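The structure under discussion appears below in the form of structure tokens.
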Amino acid sequence: MTTQVARQVPFGACDITPEARSAALAVLESGWVTTGPLTREFERDFAEWVGARHAVAVSSCTAAIELSLRALQLPPGSAVLTPTLTFCGAVQAIVHAGLRPVLVDVDDLTLTLNEHDVAAAAARHDARAMVLQHMAGYPVAVAELTAAADLTQDDVVEDAAHGLGAVIGDIPVGTASTSTCFSFYATKNLPIGEGGAITTADPELADRLRASSLHGMSRDAWRRYRPGGGWRYSVELDGMKANFTDVQAAIATAQLAHLGRWQVRRAELAARYDAALCEVSGLRLPPRPVTGRHAWHLYVLRVGKGFPLDRDGLAAALAERGIGTSVHFIPVHHFPYFRSLLGPQDLPVADRVFEELLSLPLHPGLTDDDVDQVCEHIVDLSRGGMQ
Ligand SMILES: *Cc1c(COP(=O)(O)O)cnc(C)c1O
């Protein structure tokens, strides 16, 4: 019997390109390491990539969501709809903005909100805003859900932490509502390490968000330490400490040059998984939008009753064979903090679907052989896994 050394396929990897590393070093040597001209340059490049008018770079997507919600200036405690199947930080942001999260169940097919549930929750709770999430990179129907909630696009904040590069019909994510929030966290489609951005078509909102991300200090207050910069500034808005730095911007601009290629690779890898797994009984493949474009941040499999192992069993068996997986997400209402904040919640679809979710490795550094290896193990395990 020949024993082959199994290839390890980690769940995630973060590729900081050589250009990004040397660009970061150049900033560190320049003597100007916080918010500055490179941040503004990245904002222009990022807005152009997305197709948006303006981009405001901030410290994280979580901060981006909080800033966007604060800019709505809603009465404290106003209800904000959001899916329960999302990242906990996105819901913390609603709480930090002084608003009340209303968790909505998810659609069994798309794992995002549907119009029926949104309309019911909006009416029951008198919703004043909504945070939509492009789960896994699936482009959410922003306009339809906004109408279902009886809101306008000004009341909608998109959490596009997964949605960079997605297209809704023919509308790029980042242009469909008044503010769209992106993440540059280490595992996201444009990895920097930490960072985020808000895109908007509204120049006044962009200025406001920029000031609010730096204590509400008046425009270009960051210039005050530069030669010729005056020391005076004003504070006209509430603010957070959530600015982006030129070190991040240098990495970001260099990484952005690769994003188009990385997106194409993600889509190829997703198609390769689909082809290899579509006939395995008991598995459901990720939904694909009828129109538009998926951003393929995650490849989320559903492990159903027809598979010989349950989700946890499959994850454990794959881990034994050197394949990393993850689960997106633990529904927010399962966490003790949110339970004590919001009380018990009746969200049956999320409860049921959660037990089936398994995210497979998906990042542009994977080879075709890596994906084939993952799929061979899954197919083998579907037949009893005696390999
Ligand atoms: C990663 C993530 C966030 C948070 O992004 P940060 O940049 O780490 O704050 C928010 N929402 C979703 C859906 C995410 O996956």
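Residue 151 in numbering that gives the first Met the number 0 sits at position 152 of the sequence shown, with consecutive numbering throughout. C-beta: ideal position from N, C-alpha, C; glycine also. None of these values were measured; they are calculated from a predicted model.
Check	Outcome
Contact under 8 Å by Cβ, Asp371 with Ala275	yes
When Leu357, Glu354, Leu208 and Asp169 are compared against Gln72, the one with the closest alpha-carbon	Leu208
Helix, strand or coil at Met134 according to DSSP, with G and I counted as helix	helix
Residues proximal to ligand 1 by C-beta, any heavy atom closer than 6 Å	Ser59, Cys60, Thr61, Thr85, Phe86, Gly88, Ala89, Gln132, Asp158, Ala160, His161, Ser182, Tyr184 and Gly195
Delimiting residues of the alpha helix (DSSP H) encompassing Glu18	Pro17 to Ser29
Alpha-carbon to alpha-carbon, Asp201 and Trp31	29 Å
First and last residue of the uninterrupted alpha helix (DSSP H) at Ile250	Asp245 to Leu276
8 Å contact criterion, which Val141 and Ala175 should meet: CB distance rounded	4 Å
Contact between the stretch 120 to 137 and the stretch 238 to 255 (3+ Cβ pairs under 8 Å)	no
Reduced DSSP secondary structure (H/G/I, E/B, other) of Ile329	coil
Helix, strand or coil at Cys60 according to DSSP, with G and I counted as helix	helix
Neighbourhood of Arg310 by C-beta distance below 8 Å, restricted to the same chain and skipping five residues each side	Val302, Val326, Glu354, Glu355, Leu356 and Leu357
Host alpha helix (DSSP H) of Pro36 (start-end)	Pro36 to Val49
Buried versus exposed, by CB contacts within 10 Å (16 or more), His115	exposed
Buried or exposed (CB count within 10 angstroms, at least 16 for buried), Arg351	exposed
Cβ contact (3+ pairs, closer than 8 Å) linking the stretch 149 to 164 and the stretch 172 to 187	yes
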